[in-house]
Amino acid sequence: VQLQASGGGLVQAGDSLRLSCTASGTAFVSDVTGWYRQAPGKQREMVAVFVNRANINYADSVKGRFSISRPTRNTLYLQMNDLKFEDTAVYYCNFRSPHRGTDYWGQGTLVTVSS
């Protein structure tokens with residue numbers, strides 16, 4: 011499985027962006043899927059993760075502003091509203107299956123928010 015992330019760009023504070031992640035190959039509905047980000051000089055952190063169909067975890071810093079969705083088993087979105095300067099980072103999508111021992115990452119898409 012290869013993941014292709016897209017949708018990043020340069021925006022102003024308060025703007026919105028939607029990130030997309032497309033998986034080529036076989037992705038499973040049971041995969042744990044999510045978005046992570048890494049800001050300059052910082053460690054990669056979780057942004058939003060589908061733990062399963064009924065449970066989504068969001069980082070406290072994005073709750074109420076970001077929304078993750080998975081319209082098909084091969085597509086993952088991250089809708090980001092009311093972007094802030096501190097949201098500036100490279101965003102990575104992830105599909106993993108602890109059961110099958112798989113862990114796939116996209117190449118990252120850069121989001122830059124100007125204040």
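Counting with this note's numbering, you get residues 11 to 125 for the letters of the sequence shown. Cβ coordinates follow ideal geometry from the N, Cα and C atoms, glycine included. All values reported here derive from a predicted model rather than from experimental measurement.
- Here the C-alpha atom of residue 33 lies approximately 16 angstroms from the C-alpha atom of residue 59.
- DSSP places residue 55 inside the beta strand (DSSP E), whose first and last residues are 55-62.
- Per DSSP, the unbroken beta strand (DSSP E) holding residue 106 starts and ends at 99-107.
- In this structure, residue 20 lies away from residue 45, with their beta-carbon atoms at least 9 angstroms apart.
- Rounded to the nearest angstrom, the gap between the Cα atoms of residue 70 and residue 56 is 10 angstroms.
- A Cβ-Cβ separation of about 7 angstroms places residue 38 in contact with residue 83 under the 8 angstroms criterion.
- Going by beta carbons, residue 12 and residue 87 fall outside the 9 angstroms limit.
- Residue 41 and residue 22 have their alpha carbons spaced roughly 34 angstroms apart.
- Within the same chain, and ignoring the five residues on either side of residue 109 in sequence, no residue has its Cβ closer than 6 angstroms to its Cβ.
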